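Below is one structure; the comments refer to it alone.
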Amino acid sequence: MSDEVPSEVPIWFSQILERQIQTMNEMAANQQASLATLNDRISLMEQEQALPVKALDQLNRTKQGKKNFSDFMNEFNRLLLEAEGWGWDDAVKKGFLKAALTLELRRAMLEQIKEISTFRQGWKKRTDDVRSSATADEMDWQPTTVLVAKIRMKEPRWASEDEIARRREEGLCLRCGRKSHRVKECKADLSKDKKGGKEVRVAPVRAEPPDQKNDSNSSDVEESGKE
Numbered sequence: 003m004s005d006e007v008p009s010e011v012p013i014w015f016s017q018i019l020e021r022q023i024q025t026m027n028e029m030a031a032n033q034q035a036s037l038a039t040l041n042d043r044i045s046l047m048e049q050e051q052a053l054p055v056k057a058l059d060q061l062n063r064t065k066q067g068k069k070n071f072s073d074f075m076n077e078f079n080r081l082l083l084e085a086e087g088w089g090w091d092d093a094v095k096k097g098f099l100k101a102a103l104t105l106e107l108r109r110a111m112l113e114q115i116k117e118i119s120t121f122r123q124g125w126k127k128r129t130d131d132v133r134s135s136a137t138a139d140e141m142d143w144q145p146t147t148v149l150v151a152k153i154r155m156k157e158p159r160w161a162s163e164d165e166i167a168r169r170r171e172e173g174l175c176l177r178c179g180r181k182s183h184r185v186k187e188c189k190a191d192l193s194k195d196k197k198g199g200k201e202v203r204v205a206p207v208r209a210e211p212p213d214q215k216n217d218s219n220s221s222d223v224e225e226s227g228k229e
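The number in the working numbering is simply the position in the sequence shown, starting from 1, with 2 added.
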């Protein structure tokens, strides 16, 4: 269709006709642009759909070769993402990686695993030996006061509370009531248990170091252990 208007056509009609022709041309141009945009979108969608298939094919064929491990892993992870393999099981991912690694690297990894296992076994044996030694020597590490407390836990009650208070006021031995020594040096034989009548003999107790400050406070602690 020609855009020229015959001279005998009225002016107002020619103006209307020109506007219609212009509108049709614009619509045709828009349709062409829309069609091109649609074709681009379709092509992009096809590429996106084909990308996982292509990446999976490359993932099946990829090998480490002479690439260093860092560069190879970057490429492997890229192909894994493009193949939409982020949701795969770890066993599947490990299978692809194992098939792509070089034989030398796999052997080195196995040797490293063996070394780690050997180290762990040696460390466990060492800690078990230390634990056994600590248990066997437990009595050697206990303070004298702990041993004394264990021995005296078997003794009968020394006296009533009133008697203990009286002995303390008069400076007597809280254990036997004598004046010649303190309770720490007491070697008296409390022959009879008042409750059960069972004879109990007490082994001599080693005296505490001379730099012990308060004898009376130590006596109170030992007395409370009997009560």
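We put the beta carbon where it would ideally sit given N, CA and C, even for glycine.
Please read all numbers here as calculations on a predicted model, not as lab measurements.
Bounding residues of the alpha helix (DSSP H) (the contiguous stretch that carries residue i)
{"i": "residue 94", "result": "92-102"}
{"i": "residue 73", "result": "71-84"}
Secondary structure of residue i, DSSP reduced to three states
{"i": "residue 66", "result": "coil"}
{"i": "residue 59", "result": "helix"}
{"i": "residue 186", "result": "helix"}
{"i": "residue 160", "result": "coil"}
{"i": "residue 180", "result": "coil"}
{"i": "residue 53", "result": "helix"}
{"i": "residue 117", "result": "helix"}
{"i": "residue 174", "result": "coil"}
{"i": "residue 233", "result": "This structure does not reach residue 233, given that the chain is present from 3 up to 229, and the question cannot be answered."}
{"i": "residue 20", "result": "helix"}
Residue i and residue j closer than 8 Å at C-beta
{"i": "residue 177", "j": "residue 167", "result": "no"}
{"i": "residue 81", "j": "residue 61", "result": "yes"}
{"i": "residue 53", "j": "residue 84", "result": "yes"}
{"i": "residue 87", "j": "residue 95", "result": "yes"}
{"i": "residue 181", "j": "residue 173", "result": "yes"}
{"i": "residue 170", "j": "residue 179", "result": "no"}
Residue from the options with nearest C-alpha to residue i
{"i": "residue 79", "options": "98, 179, 115, 127", "result": "98"}
{"i": "residue 63", "options": "73, 101, 72, 164", "result": "101"}
{"i": "residue 71", "options": "23, 106, 25, 118", "result": "106"}
{"i": "residue 188", "options": "171, 164, 160", "result": "160"}
Contact test: residue i Cβ vs the ligand COA heavy atom, cutoff 7 Å
{"i": "residue 182", "result": "This structure lacks the ligand COA, and indeed carries no ligand of any kind."}
is_contact[residue i, chain B] using C-beta, thresh 8 Å
{"i": "residue 170", "result": "Among the chains in the structure shown there is no chain B, since it carries only a single protein chain."}
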